[in-house]
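In the order they appear, the protein sequences are chains A and B.
Counting with the numbering used here, you get residues 1 to 643 for the letters of the first sequence.
Counting with the numbering used here, you get residues 1001 to 1269 for the letters of the second sequence.
Even for Gly, the Cβ is constructed at its ideal location relative to N, Cα and C.
Step one of this worksheet: look at the structure below.
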Amino acid sequence: MRNVWAQRGLVRWVFIGAAALALAACDAEVSEQQRGNGEGTIELAEFPDRPYWGDTHLHTDLSGDAFGFGVRLGSEEALRFASGEVVESTFGVEAQLDRPLDFLVISDHSDGLGAFKRIYDAPRMLISDPVIKRWHDMMHESPEQSLRAAGEIIDRAASNDFPAAMAEGREETTRNSWHQQIDVIDKFNKPGVFTAMGGFEWTLMPGGNNMHRVVMFRDGGDRTKQVLPFPGFGNTSSQLWDYMDAYAANTGGQVLAIPHNPNLSNGMMFELTMPDGTPMTAEYARRRASAEPVVEVTQIKGDSETHPFLSPNDEFAGFGIKGWDKANLNTEIATTSDMYGGSYAREALKRGLTLEEQTGVNPYAFGMIGSTDSHTAFATGDEDNFYGKHSSVEPVNQDRANQPQNLGTREGRFGWNYLAGGYAAAWARGNTRAEIFDAFKRREVYATTGPRMVVRMFGGFDFSAADWDGDWVRKGYETGVPMGGELVDQGSAPSFMISAQKDPDGANLDRVQVVKGWVDANGNTQERIYDVVWSDMDKRTRTGGKVPAVGDTVDRASATYTNDIGAAQLRSVWSDPDYQSGQGAFYYLRVLEIPTPRWTLFDAVRFGIDLSADAMADAVAQERAYSSPIWLKTVGSDRSEAQ
Amino acid sequence: MNLPTWTREPLVHFLIGGALLFGWFTWQGSPVDPASRSIIVDRDTLGSISAGFEQQMGRFPSDTELDNLIERHIREEVLYREALRLGMDQDDAVIRRRLAQKMDLVAGSQAELLEPSDEVLTKWLAEHPARFAQDPLYSFEQLGFVQRTTADAALKTEDLASRLETAAPTMELPKAVSGMSRQEIQTRFGQQFVRELDQLEPGDQWQGPVPSGLGWHLVRLQEVSAENLPALDDIRDDVESDWRLGTAANRKQQAYQLLRGAYSVEIDR
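Pasting the structure below:
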């Protein structure tokens, strides 16, 4: 008798508890403003007045691989962390960003969204598929086994070979996960304070070649709940664009896609042809340029600006390529040098000019951002707070820099090959979904490898040094175009107002460079790097055409540096000395910091471990920013407008 | 003493152990006695079945639907008891965790249901001002310098107000900042600048040079609004939800400590 009563009591308690949870969920009332795109919610500046800092590429426990790698934090924790709150990591360490971000896009893998969490949570005896049952067991057994399961899952994903049983109830799982996530994102979206955006990662990878895109919505739940994240398996990029077009047509909302890690695509991300090898059509080029205005060029899994093979005359080429330029994403297929051309952003910008000559439309007229691609739910982009690519390499794993770290079991990459991740800066008039999204759409964004440098660039035809004495930002907007914009050739060399300010809490700047690309009279693509302005120009005079190195203040024993070298601010009005009338070109900025410790050196000092010789040789780097380009278009070069 | 060899057989140990355990469980009984084959669907159970349906569908179930739900409930109950009889709840990480979560939930659930009075919330607000305080707002004018010496010289010798009027904005440093939050100032000018700014008294005079990560600033700090704690009425929802979370967490922890106190734990290291 006693037991029956006890049981009833428990049932009632649990029931009350569940009801209370439901109440609590309703409690957090989400306003219409938070659910919308932010238009008309806050007062906007006249011109974009500061860069807003964000990460457009973050995974939580809804991503199968992230979950397999051990993360147990979801969207709520991710948003709390990005907006500056203290959050306990998966392994129980309290963590907080010393500077909050302004915006965050949560981009879990659309394939199997929430499905792996479901495998984990499912009662074991209900799982009949032997493969899924094995994954379930591995996930529960130990972090090592969980990691192994994640590796298998990624491999299966690459070869599109998931157990059939996973298709059962897939749509329902996806819908539940998607809707719950959107509700949380809307709850944390606060126009003017913090922008939380919905999105997903579209994870196409034929043969392990990374063709991934981050898809980012301008809208909140009222619109995004009308669709489900689009799966990568068995689909093509054209189908993704169909999905995006349908979303815009059916909901009245807007969406864009951001390719990432072209460095792991074995040349497939920026091909000179259609995906099937036939000549590229204007229609394809136009769709691509319109759907994908921005590329993520730097993140934890390496940097995709350029490769020394492609840019032999660029002494700063090759940042963040070690370990990443040997093979594609899952190291299934080795990378050969003929593949590099389609794998790096600078070459793609050049290819875009060639394709524009051929088809009339530039498919690769993209802006550039950085992000993290963190799978820990923590959007950490700095060297001194690197939380790891995924949860099994969170900083509780003290030897992570030296360990081989591949997805799955293959050899080839080490912990120290991973970068600490980057951030995206968006020049916007205010911090709302619409303002941030629109900055991406017009490419007024830039990439950094983590530091928050303030980088401005205006292109025009009548800028001069005297403009610095007045309201130069206004002049830039009123008589020129900002980064991401297009100039039309007027028969004289374009000039650029270029301004870079160091991260106020970071390292000084070494130099600002302009990277120019063009197609010569013979139809060959060319590039040239111009050192435009650098610190201590009176002492560091060019010798043999080169600006001497800025120096190195890093103390390897303590992972510290000083700002005794470099400059806090650099600016210049620069005019293209090699301008040729009638020749189209692009110009983007690369801003270099003085050398600073990488995360590996911070790890070594913090945990008292010895880095391997290779890791130690790479323990100091010059972090950098890449602006979106400004294009100089020849008259009538873009026939897309006419059509 | 010589024991027969069979007493050393592991199998025998296992059987005896199993028999003891079986005996103990039979004597003790368990919340749902696997031995019981009588299922009573009482009014309480019917109520919660019906409420569950209502919560999901937004209406009460029809008689047929209720019959189906009862049938499903019985089926689940039968399989559940048989699963317990077979010991399927043992060594299952999911079930372990669910049960532990339920204990937590029960401990915290009282806080979820309480309607806190204004008094309780006022006290909570007073105890945790930092969570609800609005950032102080700063208004100032500034001139930026690369070198400290130039800044010092300018402060001593120049008419800074007129210099400010004619000066171009220094790079990304606005000449005048009006009502900017502490957080925003930190984002734009860095942490050091905010710390230094807090050392200054607002007034009409030019002060500095104030160092920042960007260089040296001469500053005319016009106003710093006090760290402003809004009235409870304006932020009642936020305070209440924070109170609820905090109280539930506290109760869970207290309940756990109480239970934990009754255990002795040994860890082989």
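CB-CB under 7 Å to residue i, same chain, minus the five flanking residues each way: which ones, in chain order?
i          : result
Thr273(A)  : Pro279 and Met280
Arg472(A)  : It should be noted that the sequence gives Trp, not Arg, for residue 472(A). Answer for Trp472(A): Met497, listed in chain order.
Asn250(A)  : Gln226
Asp503(A)  : Pro451, Arg452 and Met453
Arg1059(B) : none
Val591(A)  : Met453, Val455, Ala500, Leu509, Val512, Arg624 and Ala625
Ala1151(B) : Phe1145, Gly1208, Pro1209, Trp1216 and Leu1218
Arg148(A)  : Met138
Among the options, which has the Cα closest to the Cα of residue i?
i          : options                                           : result
Gly30(A)   : Tyr626(A), Gly70(A), Gly220(A) and Gly485(A)      : The sequence shown places Val at residue 30(A), rather than the Gly named in the question. Nearest option by C-alpha distance: Gly220(A).
Gly74(A)   : Ile182(A), Thr448(A), Gln403(A) and Gly277(A)     : Ile182(A)
Gln403(A)  : Ala613(A), Ala82(A), Asp186(A) and Met205(A)      : Ala613(A)
Gln1207(B) : Ser1117(B), Ala1154(B), Asn1068(B) and Val1041(B) : Ala1154(B)
Asp338(A)  : Phe316(A), Ala348(A), Phe309(A) and Asn313(A)     : Phe309(A)
Lys539(A)  : Asp555(A), Trp518(A), Val554(A) and Gly566(A)     : Gly566(A)
Leu570(A)  : Leu1214(B), Trp1243(B), Gln1205(B) and Ser1225(B) : Leu1214(B)
Thr525(A)  : Val573(A), Thr541(A), Ser535(A) and Arg346(A)     : Arg346(A)
Leu1105(B) : Gly1261(B), Arg1269(B), Glu1266(B) and Leu1245(B) : Leu1245(B)
Leu1125(B) : Asp1242(B), Leu1259(B) and Val1094(B)             : Asp1242(B)
Gly1144(B) : Glu1240(B), Ser1225(B), Arg1043(B) and His1217(B) : His1217(B)
Ile1070(B) : Ile1049(B), Arg1081(B) and Glu1054(B)             : Ile1049(B)
Ser1225(B) : Ser1212(B), Leu1197(B) and Val1239(B)             : Leu1197(B)
Enumerate in chain order the residues of its own chain whose CB-to-CB distance from residue i is below 8 Å, with the five nearest sequence positions on each side excluded.
i         : result
Ala568(A) : Gln501, Lys502, Asn508 and Leu509
Phe47(A)  : Arg429, Val473, Arg474 and Tyr477
Arg175(A) : Leu228
Skipping 5 residues on each side, what residues in its chain have a beta carbon closer than 6 Å to that of residue i?
i          : result
Ala621(A)  : Arg598
Leu1229(B) : Pro1129 and Ala1133
Gln1254(B) : none
His59(A)   : Ala66, Asp108 and His375
Ser627(A)  : Tyr446, Val455, Met457, Met483, Tyr588 and Leu589
Asp303(A)  : Phe319 and Gly320
Arg35(A)   : Asp186, Gly220, Gly221 and Asp222
Asp384(A)  : Phe602
What span of residues does the beta strand (DSSP E) with residue i cover, start to end?
i          : result
Arg571(A)  : Gln569 to Ser575
Trp1084(B) : In the sequence as presented, Trp is not what sits at residue 1084(B); that position holds Leu. Leu1084(B) -> not in any beta strand (DSSP E); alpha helix (DSSP H) instead, spanning Asp1063 to Arg1085.
Thr90(A)   : Careful: Thr90(A) lies outside any beta strand (DSSP E) and carries neither H nor E.
Tyr626(A)  : Arg624 to Ser627
His307(A)  : No beta strand (DSSP E) contains His307(A), which DSSP labels as neither H nor E.
Ala706(A)  : Examination of residue 706(A) is not possible in this model, given that chain A is present from 1 through 643 alone.
Phe1140(B) : Leu1137 to Phe1145
What span of residues does the alpha helix (DSSP H) with residue i cover, start to end?
i          : result
Pro1129(B) : Pro1129 to Phe1132
Arg1195(B) : Gln1191 to Leu1197
Ser1212(B) : No alpha helix (DSSP H) holds Ser1212(B); the beta strand (DSSP E) holding it covers Gln1207 to Ser1212.
Pro130(A)  : Pro130 to Glu141
Ile436(A)  : Arg433 to Lys441
Kindly indicate if chain D contains any beta-carbon less than 8 Å away from that of residue i.
i         : result
Val454(A) : No chain D appears in the structure shown, which is made up of the protein chains A and B.
Below 8 Å, can you find three or more Cβ-Cβ pairs linking the region 241 to 253 of chain A to the region 296 to 305 of chain A?
no
Any contact between the region 539 to 552 of chain A and the region 451 to 460 of chain A? By contact I mean 3 or more CB pairs, one from each, below 8 Å.
no
Residues of the region 1065 to 1090 of chain B with Cβ closer than 7 Å to any Cβ of chain A, in chain order:
Met1088
To be precise: take each residue of the region 1188 to 1208 of chain B, compare its Cβ to all Cβ atoms of chain A, and keep it if any distance is under 8 Å. Which residues remain?
Arg1188, Phe1189, Gly1190, Gln1191, Gln1192 and Phe1193
Does the region 394 to 402 of chain A come within contact of the region 605 to 615 of chain A, defined as at least 3 CB pairs closer than 8 Å?
With the cut-off at 8 Å, the region 394 to 402 of chain A and the region 605 to 615 of chain A touch.
Determine, using beta-carbon pairs with one atom in the region 329 to 337 of chain A and one in the region 553 to 565 of chain A, whether at least three such pairs fall under 8 Å.
no
Using a Cβ-Cβ cut-off of less than 7 Å, give me the residues of the region 1211 to 1236 of chain B that come near chain A, in sequence order.
Ser1212, Gly1213, Leu1214 and Gly1215
Hey, is the region 1175 to 1190 of chain B in contact with the region 1238 to 1249 of chain B, meaning 3+ C-beta pairs nearer than 8 Å?
no
Name the residues in the region 492 to 513 of chain A whose C-beta lies less than 8 Å from a C-beta of chain B; which are they?
Correct list: Ser499, Gln501, Lys502, Asp503, Pro504, Asp505 and Gly506.
Mind the definition here: the region 1060 to 1067 of chain B touches the region 1083 to 1102 of chain B only if three or more C-beta pairs lie below 8 Å; say whether that holds.
Cβ pair count under 8 Å is below three, so no.
I want to know whether the region 347 to 356 of chain A touches the region 574 to 587 of chain A - three or more CB-CB distances under 8 Å.
yes
Across the region 626 to 633 of chain A and the region 476 to 493 of chain A, are there enough close Cβ pairs to call them in contact, namely three or more that are closer than 8 Å?
yes
Residues, ordered as in the chain, of the region 77 to 102 of chain A that lie near chain B by beta-carbon distance below 7 Å
Under the 7 Å Cβ criterion, the region 77 to 102 of chain A contributes Arg99.
Are the region 96 to 106 of chain A and the region 184 to 202 of chain A in contact at 8 Å, needing three or more beta carbon pairs?
yes
Below 7 Å between beta carbons is the criterion; list the residues of the region 557 to 571 of chain A that meet it against any residue of chain B, in chain order.
Those would be Ala568, Gln569 and Arg571, in chain order.
Chain-ordered residues of the region 114 to 129 of chain A with a beta carbon less than 9 Å from chain B
Tyr120, Asp121, Ala122, Pro123, Arg124 and Met125
Which residues, taken in chain order from the region 1092 to 1110 of chain B, show a beta carbon closer than 7 Å to some beta carbon of chain A?
Asp1092, Ala1093, Val1094, Lys1102, Leu1105, Val1106 and Ser1109
Scan the region 1139 to 1152 of chain B for residues whose Cβ lies nearer than 8 Å to a Cβ of chain A and list them as they occur along the chain.
Val1146
Is the region 109 to 120 of chain A in contact with the region 381 to 397 of chain A, if contact means three or more CB pairs nearer than 8 Å?
no
Quick one: which residues of the region 134 to 164 of chain A get their C-beta closer than 7 Å to a C-beta of chain B? List them in chain order.
Contact residues of the region 134 to 164 of chain A toward chain B are His140 (C-beta to C-beta distance below 7 Å).
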